[in-house]
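Engineer:
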Amino acid sequence: MAFLVVALLGGAAVGAVAIGAWPNERSPAATDVAAMALASPPSATARATAPAATGLQPSTEPATPPSEPATPSPSPSLMSPPASRAGTGTDTGGGAALDVGPSDSLRLRRVATITGGLSPKSVVSSQTGYLLAQNMMYRHTIAVYDRGFELVKTIRDRVDLSRFGQAPERTVVQGSPVEAAFTPDGSFAFVSQYTMYGPGFDRPGADTCHPAEERDPSFVYRIDMASLRIDQVLPVGATPKYLAVSPDGRFLLVANWCSYDLSVFDLTISEEIARLPIGPHPRGITFSPDARTAYIAVMGSTWIGVLDMATLELSRIEDVGLQPRHLVMDPAGEYLYASLDEEASVVKIDLATGSEVSRASTGAQPRSMDIAPDGRSLYVVEYTSDSAAKVRTDTMEVIQRLRTRHHPIGITYDMATRQVWIACYSGVIQVFRDV
Numbered sequence: 139m140a141f142l143v144v145a146l147l148g149g150a151a152v153g154a155v156a157i158g159a160w161p162n163e164r165s166p167a168a169t170d171v172a173a174m175a176l177a178s179p180p181s182a183t184a185r186a187t188a189p190a191a192t193g194l195q196p197s198t199e200p201a202t203p204p205s206e207p208a209t210p211s212p213s214p215s216l217m218s219p220p221a222s223r224a225g226t227g228t229d230t231g232g233g234a235a236l237d238v239g240p241s242d243s244l245r246l247r248r249v250a251t252i253t254g255g256l257s258p259k260s261v262v263s264s265q266t267g268y269l270l271a272q273n274m275m276y277r278h279t280i281a282v283y284d285r286g287f288e289l290v291k292t293i294r295d296r297v298d299l300s301r302f303g304q305a306p307e308r309t310v311v312q313g314s315p316v317e318a319a320f321t322p323d324g325s326f327a328f329v330s331q332y333t334m335y336g337p338g339f340d341r342p343g344a345d346t347c348h349p350a351e352e353r354d355p356s357f358v359y360r361i362d363m364a365s366l367r368i369d370q371v372l373p374v375g376a377t378p379k380y381l382a383v384s385p386d387g388r389f390l391l392v393a394n395w396c397s398y399d400l401s402v403f404d405l406t407i408s409e410e411i412a413r414l415p416i417g418p419h420p421r422g423i424t425f426s427p428d429a430r431t432a433y434i435a436v437m438g439s440t441w442i443g444v445l446d447m448a449t450l451e452l453s454r455i456e457d458v459g460l461q462p463r464h465l466v467m468d469p470a471g472e473y474l475y476a477s478l479d480e481e482a483s484v485v486k487i488d489l490a491t492g493s494e495v496s497r498a499s500t501g502a503q504p505r506s507m508d509i510a511p512d513g514r515s516l517y518v519v520e521y522t523s524d525s526a527a528k529v530r531t532d533t534m535e536v537i538q539r540l541r542t543r544h545h546p547i548g549i550t551y552d553m554a555t556r557q558v559w560i561a562c563y564s565g566v567i568q569v570f571r572d573v
C-alpha cells in the first residue's frame with residue numbers, strides 16, 4: 139500500500155422486506171413500507187431478557203403526531219445520566235472500581251437480549267449513559283436505551299422541514315435512520331437518514347446507484363440528548379450512511395453513498411462548508427486522535443480516502459483490499475483497522491507508512507467494528523456468518539467468536555460498563571460484557 143495524492147447488509151426478512159447481498163442495504167418498495175405501517179402495534183416498552191430467554195418478537199411502534207417523539211409508558215426519567223469515566227480498563231459500574239486487566243485478557247459473556255419494535259441497522263453508545271438504535275425505514279424510529287437495557291424513549295423520524303428552515307411551507311416527511319455519531323461530550327447525536335419519504339421526494343436512495351441517477355438528497359438530524367428531541371435538520375447528499383464527529387467536536391463528516399461525495403460540516407456554525415467528490419460508495423469514517431486527519435472507506439474501491447482537515451485536500455491509502463467498509467482508529471493513532479466486506483478479513487494498517495501490518499481472518503462479510511479503550515481488542519460483527527469476533531490487535535488473531543442472532547450489522551463498545559451491544563437486522567439487540 140502507498141499514499142497517492144488526488145483532488146473520495148445481507149438480507150434479513152424484516153416484515154415484508156428482504157435485504158439482498160451487497161450492495162445489500164436495499165430500500166424497500168413502497169408497498170412493503172405500507173404493509174409494515176399497517177402492522178398491529180404492540181406495547182412501546184422494550185423487552186429485555188436474561189441470556190436464557192428465547193423468542194424474537196419485532197413489532198411496530200404506535201403512530202405519533204409529526205415531529206413529536208413517542209414516549210413509552212411508564213417512562214423513566216429523561217434527565218441525562220451522569221457522565222462516565224473514559225475507558226481505563228476498570229469497572230465503573232456500581233460499587234468500587236476494580237482493575238480487570240487488559241481487554242484481550244477478558245472474554246465476552248452475554249448479559250441481555252433486547253427485542254420489541256426493532257429493526258436495528260446500528261447501535262451507538264454516547265459514552266455518557268445512553269445508547270441509540272437506528273431502525274431505518276422499517277420502523278421509522280430511533281430507540282433510546284440506558285445502560286440498564288431500559289427503553290427511555292422512541293424518537294420518530296417524522297419532521298416538518300419548514301420548522302427547521304428546510305422548506306418554505308409546512309412539509310411533513312419521514313426519514314430512515316441508519317447511523318449515529320455523538321459529539322465528544324455526548325450532548326448531541328447526529329443521525330443520518332438513508333432516504334426521505336414524503337412530498338418532493340420521489341427518487342429514493344438505494345444501494346445500487348450512481349450519481350448520474352440523481353437520487354434524492356437527504357438529511358442528517360441532530361438530537362439534543364438533554365431533551366431527546368430533534369432540534370436541527372442538516373441537508374446532505376444522496377443516501378447518507380456513515381457519519382462521524384471529530385474528536386475536538388468541530389467537524390461532522392457524512393458519507394453520501396449514492397452521490398459519491400462527502401459532506402463536511404463546521405459544527406461551530408452548523409453549516410456545510412464543503413461537498414467533496416470522493417469515489418464510489420463512501421462509507422466508514424474515523425479521525426486521528428488529534429482531529430487533524432480523517433479517513434474514509436470507499437466501499438466501491440480498494441482504497442481509503444485520507445482528508446487533511448486543515449486544507450480539505452484528499453489523498454489515498456491504496457490497495458487495502460476489496461470493499462473496505464468500516465474503519466476504526468487505534469487510540470494511540472498509530473494504526474488504522476478496516477473491515478473488508480468482500481475478503482472476510484480485517485486489515486491493520488501502519489499509518490506512518492500506509493502499509494499493511496497484518497490481517498485477521500473473519501467470518502463472512504465483516505461489517506461494523508469497535509475497539510477497546512486500551513486498543514488491545516477489536517470487536518467485529520460477521521454479517522452472513524451470524525457471529526461476532528473478538529480480535530487481539532497486536533497479533534490480529536481471533537481470540538473469541540460468538541454466535542449471534544440473524545444478521546448482526548452494528549456494534550458499539552460502552553466504556554464504563556465494558557458492554558458490547560450488537561444490533562441484529564432480524565430485530566434484536568444482544569448485549570455482551572467483557573469479564
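Just so it is clear: in the sequence shown, position 416 is 554 by the numbering used here, and no numbers are missing. We treat Cβ as the ideally placed atom computed from N, Cα and C, and that holds for glycine.
1) Quick one: what does DSSP say leucine 445 is sitting in, helix, strand or coil?
2) In the DSSP assignment, what are the bridge partners of isoleucine 434?
3) With a threshold of 7 Å on Cβ separation, who are the neighbours of aspartate 362 within its own chain once the five nearest residues in sequence on each side are excluded?
4) For glutamine 557, which of helix, strand or coil comes out of DSSP?
5) Would you give the residue range spanned by the alpha helix (DSSP H) that methionine 274 belongs to?
6) Excluding the five sequence neighbours on either side, which residues of its own chain have a C-beta within less than 6 Å of the C-beta of tyrosine 473, listed in chain order?
7) Within the continuous beta strand (DSSP E) that includes serine 382, where are the two ends?
8) Helix, strand or coil: which one does DSSP assign to phenylalanine 302?
9) Is DSSP giving alanine 350 helix, strand or coil here?
10) If we count Cβ pairs, one from each stretch, closer than 8 Å, do we get three or more for the stretch 345-355 versus the stretch 291-299?
11) For threonine 279, count neighbouring Cβ atoms within 10 angstroms of its own Cβ and tell me buried if that reaches 16, exposed if not.
12) Express the C-alpha separation of proline 306 and phenylalanine 357 in angstroms, rounding to a whole number.
13) In or out: aspartate 572 buried (at least 16 other Cβ within 10 Å) or exposed?
14) Would alanine 242 be called buried (16 or more neighbouring beta carbons within 10 Å of its own) or exposed?
15) How would you label proline 315, buried or exposed, when you count the other beta carbons within 10 angstroms and need 16 or more for buried?
16) Using 8 Å as the threshold, is the stretch 508-523 in touch with the stretch 488-496, meaning 3 or more CB pairs across them?
17) If you run the structure through DSSP and keep just helix, strand and coil, what is aspartate 552?
18) Determine, using beta carbons only, whether arginine 454 and glycine 422 come nearer to each other than 8 Å.
19) Nearest-angstrom Cα distance between arginine 247 and arginine 514?
20) When you compare the CB positions of isoleucine 416 and glycine 443, do they come within less than 8 Å of one another, or not?
21) Using only alpha-carbon positions, find the residue among Ser426, Leu414, Leu478 and Gln304 that is nearest to alanine 502.
22) Taking the straight line between their C-alpha atoms, what separation do you get for serine 260 and tryptophan 559?
23) Within 10 angstroms of its Cβ, does arginine 245 collect 16 or more other Cβ (buried), or is it exposed?
24) Excluding sequence positions up to five away, which residues of its chain have a Cβ less than 8 Å from the Cβ of aspartate 340?
25) Whose C-alpha, out of Asp446, Ile549, Pro504 and Gly338, is nearest the C-alpha of leucine 269?
26) Out of Glu480, Thr431 and Phe403, which one is the CA nearest neighbour of serine 439?
27) Keeping to the same chain, check which residues put their C-beta closer than 6 Å to that of leucine 465; ignore five residues upstream and five downstream.
28) Distance cutoff 8 Å, beta carbons only. Does valine 536 sit that close to anything in chain B?
29) Using a 10 Å radius around the Cβ and a threshold of 16 neighbouring Cβ atoms, would you call glutamate 409 buried or exposed?
30) Rounding to the nearest angstrom, what Cα-Cα distance links tyrosine 276 and alanine 490 in this structure?
31) With a cut-off of 8 Å on the beta carbons, I'd call alanine 527 and arginine 539 a contact; round off their distance for me.
32) For serine 241, name the three-state secondary structure that DSSP assigns.
33) Beta-carbon within less than 7 Å of leucine 299's beta-carbon, same chain only, minus the 5 sequence neighbours each way: which residues are those?
34) Look at the Cβ atom of proline 546, then the Cβ atom of proline 511, and state whether they are nearer than 8 Å.
35) Buried or exposed for threonine 333, please, with buried defined as at least 16 other CB atoms from any protein chain shown within 10 angstroms of its CB.
36) Tell me which residue opens and which closes the beta strand (DSSP E) that glutamate 410 is part of.
Structural biologist: If we stick to the structure as given:
1) On the sequence shown, position 307 is the one that residue 445 refers to. Reduced to three states, the DSSP call for leucine 445 is strand.
2) If you number the sequence shown from 1, residue 434 lands on position 296. Isoleucine 434 is bridged to Ile423 and Gly443.
3) Position 224 of the sequence shown holds residue 362. Counting only Cβ-Cβ distances below 7 Å, and skipping sequence neighbours, we find Phe326 and Asp369.
4) By one-based count along the sequence shown, residue 557 stands at place 419. DSSP places glutamine 557 in strand when its eight states are reduced to three.
5) Within the sequence shown, residue 274 is the residue found at index 136, counting from 1. That run of the alpha helix (DSSP H) goes 274-277.
6) One-based indexing of the sequence shown puts residue 473 at position 335. Once the five neighbours on either side are set aside, the close Cβ partners of tyrosine 473 are Lys486.
7) Position 244 of the sequence shown, counted from the first residue, corresponds to residue 382. With the sequence shown as reference, residue 382 is identified as alanine, and serine is not the correct amino acid for it. Looking at the DSSP string, the run of the beta strand (DSSP E) that includes alanine 382 is 378-383.
8) Here the question's residue 302 lines up with position 164 in the sequence shown. Residue state, collapsed to three classes: helix.
9) Position 212 of the sequence shown, counting from 1, holds the residue named residue 350. Note: alanine 350 maps to helix in three-state DSSP.
10) no
11) Along the sequence shown, read from residue 1 onward, the residue named residue 279 stands at position 141. Threonine 279 comes out buried.
12) Here residue 357 is taken as the residue at index 219 of the sequence shown, counted from 1. Here residue 306 is taken as the residue at index 168 of the sequence shown, counted from 1. Looking at the two C-alpha atoms, the distance is approximately 16 Å.
13) The residue you call residue 572 lines up with position 434 of the sequence shown. Looking at its Cβ environment, which holds 16 or more other Cβ atoms inside 10 Å, aspartate 572 is buried.
14) Sequence index remark: in the sequence shown, residue 242 carries index 104 (1-based). The amino acid at residue 242 is misidentified as alanine; the sequence shows aspartate. Buried is the call here.
15) Residue numbering aside, residue 315 sits at position 177 when the sequence shown is read from its first letter. Classification of proline 315: buried, given that the 10 Å Cβ count is 16 or more.
16) no
17) As a first step, residue 552 must be located in the sequence shown, where it is residue number 414. Looking at aspartate 552 - three-state DSSP - the assignment turns out to be strand.
18) Mapped onto the sequence shown, residue 454 falls at position 316. Mapped onto the sequence shown, residue 422 falls at position 284. The answer is no: Cβ separation not under 8 Å.
19) Numbered from its first residue, the sequence shown carries residue 247 at position 109. Numbered from its first residue, the sequence shown carries residue 514 at position 376. Rounded to whole angstroms, arginine 247 to arginine 514 spans 18 Å at the Cα level.
20) Reading the sequence shown from its first residue, position 278 is the one you call residue 416. Reading the sequence shown from its first residue, position 305 is the one you call residue 443. Contact: yes.
21) As a working mapping, residue 502 is identified with position 364 in the sequence shown. With distances taken between Cα atoms, alanine 502 lies closest to Leu478.
22) What you label residue 260 is simply residue 122 of the sequence shown in a count that begins at 1. What you label residue 559 is simply residue 421 of the sequence shown in a count that begins at 1. C-alpha separation (whole angstroms): 10 Å.
23) Within the sequence shown, numbered from 1, the residue matching residue 245 stands at position 107. Exposed, by the Cβ-count rule.
24) The sequence position of residue 340 within the sequence shown is 202, counting from 1. Around aspartate 340: Asp354.
25) Position 131 of the sequence shown, counted from the first residue, corresponds to residue 269. Minimum Cα distance to leucine 269 is reached at Ile549.
26) Your numbering for residue 439 matches position 301 in the sequence shown. Per the Cα distances, Glu480.
27) Residue numbering aside, residue 465 sits at position 327 when the sequence shown is read from its first letter. Cβ neighbours of leucine 465 beyond the five flanking positions: Gly422, Thr424, Tyr433, Ala435 and Ala476.
28) Here there is only one protein chain, and chain B is not present.
29) The residue labelled residue 409 in the question sits at position 271 within the sequence shown. Its Cβ having fewer than 16 others within 10 Å, glutamate 409 is exposed.
30) The residue you call residue 276 lines up with position 138 of the sequence shown. The residue you call residue 490 lines up with position 352 of the sequence shown. Near 42 Å, if we compare the C-alpha coordinates of alanine 490 and tyrosine 276.
31) The count along the sequence shown starts at 1 and reaches residue 527 at position 389. The count along the sequence shown starts at 1 and reaches residue 539 at position 401. Going by Cβ atoms, the distance from alanine 527 to arginine 539 rounds to 5 Å, so yes, they are a contact pair.
32) For the purposes of this step, residue 241 is taken as the residue at position 103 of the sequence shown. In this structure, serine 241 counts as helix in the three-state DSSP scheme.
33) Here residue 299 refers to the residue found at position 161 when the sequence shown is read from its first residue. Here the set comprises Ala305, Thr309, Val311 and Val371.
34) Start at 1 with the first residue of the sequence shown, and residue 546 comes out as number 408. Start at 1 with the first residue of the sequence shown, and residue 511 comes out as number 373. Contact flag unset, no.
35) Position 195 of the sequence shown, counted from the start, is the residue given in the question as residue 333. Buried is the call here.
36) Along the sequence shown, read from residue 1 onward, the residue named residue 410 stands at position 272. Element bounds for glutamate 410: 409-415.
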